[in-house]
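Protein chains in written order, with my numbering: chain A, 26 to 468; chain B, 16 to 331. The C-beta atom is built at its ideal place from N, Cα and C for all residues, glycine as well. Small disclaimer: the values here were computed from a predicted structure and weren't measured. Right, one structure below, let's go through it.
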């Protein structure tokens, strides 16, 4: 008995050792690549990613891809940078689309032009697969640095039941800020001084707040930032002043929006529970609303004051700098496979993001899906008026320079005009080192 | 240094004591060699993961790049002066002082109260002790996620109950005037039970005979507390104060989860400021400088309090 147990242990040990030895021998077979992926919305994404990568490995025996979960968009940037610093960059990363410029400035990205050329296509042909609105965040200085993977735009969500109750027609959603203000007034319910139902909710927490400010500024004719050059933002401008003043008026003049800064989850919970009759939120929340709303809802374009325009959101596939040639090739195969029409469409249906590859909407599965869920179509249609997501040198701090001031306004502590002047001053200061090296570096 | 300085001394005279010192040192080293060998594994890990990292921070704090594409260069104390001149750092320090004071005092007071109320052991007090200790067992991140829903404006648990009493509901985490207080409440809820344990242990060391004597002398509960229990608990107070202060600087998980330092930097604490510099601004030099300043302040504080504790214990 004792003998046999010892023998078994010995055998097990030899087995383990043999296994350890066998691994390096096997590694000469498939090229191993790591893919860093974030989960920005809900936990189901991780399982879907597992399914996707398993299918890739089964169809590509020469490559062994491993999906590594890296937290939120911000965490993914941190982990990618840490891996690059440690000299072991992942072969591909799903990176928040507006971090690409900052990474390119820091020399952390692989220029994809050579790989596209090696495939026998041109940059223009390659990019023409994707919605034009997405090009701005993938191309830097006329070179391709990212491939759009999943994207979103902001939408107006309307509680159709409450709209009917208030005598409004949900099939004709508000098109302009004036109409939206009117709707919000009619949808706000009061008991004396106390509000029991808010007309509209717009999220404001770090990250979301900047995106909503870009949304409102763009539909007010503005630009928010210089799309061609990472050293400028347009905070202290009439278009942004109008946007912030209107948001401020919704709270303190019309009293149809709850005071203070409200994070995204609080806004969606408020909408689902019927506490807010309308909200502005990402298309990424559409699946959540579809699954949880116990009332009829309607999605619509973001209303305009000057023009219809919204920023995109979402993520692109990138390759960090400093990869070995074989890994680069394997990662490129993976990236092309993941952004192909079939896979792009599958991922879109699984997650709620829209598929960046236009051909995905021609696949029979997608046509079928859109017929069943017409609300998913609105996000795609709005793409015609979509523009790039703000990206500057040090995108996050420059964005926070604005968000901190917007939060003060929403809390009634500052007036829009002085807040935007302060935000502009702070952002100019943050952008100073980059300008010193580019626009202000004179011969 | 002091041995080398009197250079006028004859060489022969200085050699012998030096040899002696060396020999004594070697002897002592040989005697304690097994101790060092036994300590070696943990020393290796400490060196790798604690002192190594601290050394790296020290080095990083001295370097900076002028523009994004420029190489890093040695700048000496420039990073430290840049951090000290940064209004965001000053704001974080002020917030952290408010936070430290506002969490340490109430949680220690509550802990003492709980400990006094539950000092006798029976079935009821055991159950209550367990209930009060429960928040300690919940990870801070999980607790923050829970409180995120409790604090939800308009629809959260808190507003659901308070909403009947107030005309306008506060936006607990979205209003810069209230957010820091909301964060502090969670810390107090989380830590009071933990500090209670120390006070319960401290109460065991209050001599029974002194208490009985006081009782016989007709001292009421207040006088017994004021003149016997509290003086006996002095070392516990000191220790818990140090722990609470360290916690106020090092445990900021809920800031990460709930507010990200916002709104408008109202809940930005020193550790979160360091994180922002390193991750968002990608400014390793400034982040390291801020880390050094924090580390120095914490070490100074700890050394000071332990010295006071030692002198008090020695003096008593």
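Span separating the alpha-carbon of residue 456 of chain A from that of residue 288 of chain B: 19 Å
Can you round the beta-carbon distance between residue 113 of chain B and residue 195 of chain B to whole angstroms, since I take them to be within the 8 Å contact cut? 7 Å
Closest Cβ-Cβ distance between residue 169 of chain A and chain B: below 8 Å? no
Whole-number beta carbon distance between residue 335 of chain A and residue 182 of chain A, since they are thought to touch under 8 Å: The Cβ separation is near 14 Å, so there is no contact.
So if DSSP puts residue 89 of chain A in a beta bridge, which residue, or which two residues, is it bridged to? A/57
DSSP state of residue 282 of chain A, grouped into three classes? coil
Going by C-alpha distance, which of B/105, B/97, B/141 is nearest residue 301 of chain B? B/97
Answer yes or no: does any C-beta atom of chain A fall closer than 8 Å to that of residue 186 of chain B? yes
Straight-line Cα distance separating residue 206 of chain B from residue 142 of chain B: 18 Å
Within its chain, find whatever has a CB closer than 6 Å to the CB of residue 217 of chain B; leave out the 5 residues flanking it on each side and keep chain order. 248, 251
Can you find a CB in chain A that lies within less than 8 Å of the CB of residue 190 of chain B? yes
Using CA atoms only, rank isn't needed, just tell me which of A/99, A/86, A/95, A/90 is closest to residue 291 of chain B. A/99
CB-CB under 7 Å to residue 204 of chain B, same chain, minus the five flanking residues each way: which ones, in chain order? 150
What residue does the beta strand (DSSP E) around residue 322 of chain A start on, and which one ends it? 322-325
By the three-class DSSP mapping on this structure, what secondary structure does residue 231 of chain A have? coil
Examine the ligand SAM and report whether any of its heavy atoms sits within less than 7 Å of the Cβ of residue 283 of chain B. The ligand SAM is not among the ligands present in this structure, which contains no ligands whatsoever.
Just how far apart, CA to CA, sit residue 125 of chain A and residue 148 of chain B? 47 Å
Secondary structure at residue 341 of chain A, three-state DSSP: helix, strand or coil? strand
Any C-beta of chain A within less than 8 Å: which residues of the segment 73-102 of chain B qualify? 81, 82, 83, 84, 85
Residue 179 of chain B, DSSP secondary structure in three states: coil
Can you pull the DSSP bridge partners for residue 412 of chain A? A/336
Give the straight-line distance between the Cα atoms of residue 222 of chain A and residue 235 of chain A, rounded to the nearest whole angstrom. 26 Å
Cβ separation of residue 77 of chain B and residue 91 of chain B, assumed to be a contact under 8 Å, to the nearest whole Å: 6 Å
Chain B contact residues for residue 95 of chain A, given Cβ-Cβ distances below 7 Å: In chain order: nothing, as chain B lies at least about 13 Å away.
Whole-angstrom C-beta distance between residue 271 of chain A and residue 202 of chain A, which should lie under 8 Å: 6 Å
Using a C-beta cutoff of 8 Å, does residue 34 of chain B count as contacting chain A? no
Do the CB positions of residue 304 of chain A and residue 224 of chain A come within less than 8 Å of each other? no
Take the Cβ of residue 145 of chain B as the centre, count every other Cβ of all protein chains shown within 10 Å, and call the residue buried at 16 or more, exposed below. exposed
Pair every Cβ in the segment 353-364 of chain A with every Cβ in the segment 73-89 of chain A, then say whether three or more of these pairs are closer than 8 Å. yes
Here's the rule: buried if 16 or more other CB atoms are within 10 angstroms of the residue's CB, otherwise exposed. What is residue 1 of chain B? Outside the shown range of chain B, which is 16 to 331, sits residue 1 of chain B, and nothing can be said about it.
Evaluate residue 41 of chain A with the Cβ neighbour count: other Cβ atoms within 10 Å of its Cβ, from every protein chain shown; 16 or more gives buried, anything less gives exposed. Confidence at residue 41 of chain A is low in this model, with a pLDDT of 49, below 50, so its placement is unreliable and the value that follows should be read with caution. Answer is exposed; the Cβ neighbour count stays below 16.
Alpha-carbon to alpha-carbon, residue 429 of chain A and residue 254 of chain A: 24 Å
Cα-Cα separation, residue 366 of chain A to residue 386 of chain A: 8 Å
Beta bridge counterpart(s) of residue 329 of chain A as assigned by DSSP: A/201
Quick check: the Cα distance between residue 211 of chain B and residue 129 of chain B, rounded to an integer number of angstroms? 6 Å
For the beta strand (DSSP E) holding residue 291 of chain B, just list the boundary residues, first then last. No beta strand (DSSP E) holds residue 291 of chain B; DSSP gives it neither H nor E.
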